[in-house]
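Peer 1: One structure is given below, represented as structure tokens, and several questions about it will come after.
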Amino acid sequence: MSKKQRIDKILSNLGYGSRSELKKFCKNGLVKVNGKVINNPGVQVDVENDEIIFDGEKVTYKEFIYLMLNKPDGYISATFDKRDPIVLDLIDKEDLVFEPFPVGRLDKDTEGLLLITNDGALAHRLLSPKKHVDKCYYAEISGGVTEDDVRVFKERINIGTQEEPEWTMPAELKILEKGTVSRIRLTIREGKFHQVKRMFLAVGKEVVYLKRERMGALVLDEELAPGEYRKLTDSELKSIL
Ligand code: URA
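Just add 2 to wherever you are in the sequence shown, counting from 1, and you've got our numbering.
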């Protein structure tokens, strides 16, 4: 891997702004490399040996990696498990050197969008209960889902117990197809433990298939078969940074 990269790319990957913002920052003299002001955002910089200063502060370089995985059934969303395969078993060696980890958890039997990164600050922002990043799931539910369920989910529902209630935030439930197994799409704005399954249990129904399709602005690439992954594109990355 080349240690030399464009200065605008380096700084944008580190979260200092978009490539076009960085062009302006360079023009305005905010960027220095080895003591010299760099006005050209295309200048190649050696991230390990050159000293980069942004707006008077030294930039600490860390190579980040951002992967979109279509998690298959049967894998644990963790970096280690004694018994079961983990999602990192699906990642190539050349990407594992960056020590990535899954952002949040999908249940072992849940499929779909899982972001895998080594950017702890981003993971923290996406998972913070204060940020309410919405997550959209496709699910198949045993038992007819009703308009009553739509209404209840839109208000709030207790997924805890009577003694220790745990109320959900308003969630948007769309019925795609009713039947003995109903097909639905559900958007929630929090990420409580087994939340989707517990919401349906609370109305007497069972999730028989669950797949996450979206997390904030990040949408699962339907070209990815379960178990496949790819790097985020620049625009996907921008949308979540
Ligand atoms: N809700 C669940 O019940 N399981 C998941 O894996 C994700 C959300």
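Just so you know, even glycine gets a beta-carbon here, dropped at the ideal spot from N, CA and C.
Quick check on the DSSP output: the alpha helix (DSSP H) that includes methionine 201 runs from which residue to which?
Peer 2: 197-204
Peer 1: Note down the Cα distance separating aspartate 10 from aspartate 83, rounded to an integer number of angstroms.
Peer 2: 39 Å
Peer 1: With DSSP collapsed to three states, give me the class of phenylalanine 155.
Peer 2: helix
Peer 1: Got a sec, what are the start and stop residues for the beta strand (DSSP E) serine 184 sits in?
Peer 2: 183-190
Peer 1: Tell me the rounded alpha-carbon separation between lysine 26 and alanine 219.
Peer 2: 26 Å
Peer 1: Along the chain, where does the alpha helix (DSSP H) containing glycine 122 start, and where does it finish?
Peer 2: 122-129
Peer 1: Three or more C-beta pairs closer than 8 Å, one from the stretch 200-212 and one from the stretch 231-243: is that the case here?
Peer 2: Contact between the stretch 200-212 and the stretch 231-243 is not established, with fewer than three Cβ pairs separated by less than 8 Å.
Peer 1: Just to confirm the assignment, what range does the alpha helix (DSSP H) spanning glutamate 23 have?
Peer 2: 21-29
Peer 1: Return the chain-ordered list of same chain residues with a C-beta closer than 6 Å to the C-beta of aspartate 136, the five sequence neighbours on each side being excluded.
Peer 2: The answer, listed in chain order, is Thr189 and Arg191.
Peer 1: Could you give the C-beta distance for glycine 114 and arginine 214, rounded to a whole number, given that I count them as a contact under 8 Å?
Peer 2: That belief holds up - the Cβ atoms of glycine 114 and arginine 214 are roughly 4 Å apart, short of 8 Å.
Peer 1: Indicate the three-state DSSP secondary structure (helix, strand or coil) for glutamate 230 in the structure shown.
Peer 2: coil
Peer 1: Give me whichever residues DSSP pairs with glycine 114 in a beta bridge.
Peer 2: Answer by DSSP bridge pairing, in chain order: Lys73 and Arg214.
Peer 1: Suppose contacts are defined by Cβ-Cβ distances below 8 Å. Is isoleucine 177 in contact with threonine 170 by that definition?
Peer 2: It is not a contact, given that the beta carbons lie outside the stated cut-off.
Peer 1: Of all Cβ atoms in chain C, is any one closer than 8 Å to the Cβ of aspartate 111?
Peer 2: Any reference to chain C falls outside this structure, which holds one protein chain only.
Peer 1: I think lysine 199 touches valine 209, with their Cβ atoms under 8 Å apart; what is that distance to the nearest whole Å?
Peer 2: Rounded, the Cβ-Cβ distance is 5 Å, consistent with contact.
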